[in-house]
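Numbering (UniProt numbering), first residue to last: 1 to 76. Just so it is clear, CB atoms sit at the ideal spot from N, CA and C, and this is done for glycine as well. Scroll down for the structure; my scribbles are underneath it.
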Amino acid sequence: MPKVSLRKRLIDGAYAYAQRLQAWRKRERDRRERREEEVVLGKVGDEHWQELVEDVGRPGSPMDISDVSDVSSISS
């Protein structure tokens, strides 16, 4: 095994550490952004769900179920 100077090993080690740190920071940033998107989408989804629930009994709405006479004919 060829002899490598201490200076070269320190530089290589510092470079490798910097690369690992940079990759870790990128993964953390991506994970945080994904989590923020999920929270925002979750809030939007909850608001939309609430609107749908409010529309169920409203005449003329797409969710109006007053004209459904026989629910037993609906198959799952």
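DSSP three-state label for Lys8, please. helix
I need the straight-line Cα distance from Ser76 to Asp30, nearest angstrom please. Low confidence applies to Ser76: its pLDDT is 49, below 50, so where it sits in the model is not reliable enough to give any reading.
What would DSSP say about residue 111, mapped onto helix, strand or coil? Absent from the structure is residue 111, since the part of the chain shown begins at 1 and ends at 76.
Give the straight-line distance between the Cα atoms of Glu37 and Asp12, rounded to the nearest whole angstrom. 38 Å
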